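The sequence shown runs contiguously to residue 1372 in the numbering used here.
Just so it is clear, CB atoms sit at the ideal spot from N, CA and C, and this is done for glycine as well.
Every value quoted in this text rests on a predicted model; they were computed, and no experiment measured them.
Shown next, in structure tokens, is the structure this report addresses.
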Amino acid sequence: HSLGLYFGAPRRSMLGAAPYAMAEWQPILLYSTLGLTLLFISATLYFVNIFGTVLFGKKIDSDEIVVPIAEPLDPKPVPKWLDTWWPWVNGAIFLLLLSYGPMLYQLFRDSQWLWPGRVVW
């Protein structure tokens, strides 16, 4: 992404074989290769873990799994408003508006909706 933004490289092209590839692109392409390698190793380990659990995981003989119920340390009852869903949803929406609001306001304030499309190439 930054290669295209800062150095003008076209997106979704085979840059390794491109005749217009520039020498300044090489370090960023190496970082991309490193990221690809880490992502591949991570995905491989993830699927090895999933398939290993499914195929070779410990089997449970009983039909019913007993899960202990947690007891509170403080016997005071929880306020009713904390047991409902809406305060938590409203809090999450408020935090999203607080974090993304200034950026979205600036984006909509400064954007010009009637610009003609750009010819990239």
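Buried or exposed for residue i, going by 16 or more other Cβ atoms inside 10 Å?
{"i": "Leu1290", "result": "exposed"}
{"i": "Leu1287", "result": "exposed"}
{"i": "Leu1254", "result": "buried"}
{"i": "Ala1260", "result": "buried"}
Using 8 Å for Cβ pairs, my map puts residue i next to residue j. What's the rounded Cβ distance?
{"i": "Leu1280", "j": "Leu1296", "result": "With 8 Å as the limit, Leu1280 and Leu1296 do not qualify as a contact, their Cβ atoms being about 25 Å apart."}
{"i": "Phe1258", "j": "Glu1275", "result": "6 Å"}
{"i": "Trp1332", "j": "Pro1338", "result": "6 Å"}
I want to see whether chain B comes within less than 8 Å of residue i, judged by CB atoms only; does it?
{"i": "Leu1347", "result": "Going by chain labels, chain B is absent from the structure shown, which holds only one protein chain."}
Quick check on the DSSP output: the alpha helix (DSSP H) that includes residue i runs from which residue to which?
{"i": "Arg1360", "result": "Trp1337 to Asp1361"}
{"i": "Tyr1271", "result": "Here Tyr1271 belongs to no alpha helix (DSSP H), and DSSP marks it neither H nor E."}
{"i": "Trp1332", "result": "Lys1331 to Asp1334"}
{"i": "Ser1253", "result": "Ser1253 to Phe1258"}
Taking the alpha carbon of residue i as the reference point, which residue from the options has its own alpha carbon closest?
{"i": "Arg1263", "options": "Arg1360, Val1318 and His1252", "result": "His1252"}
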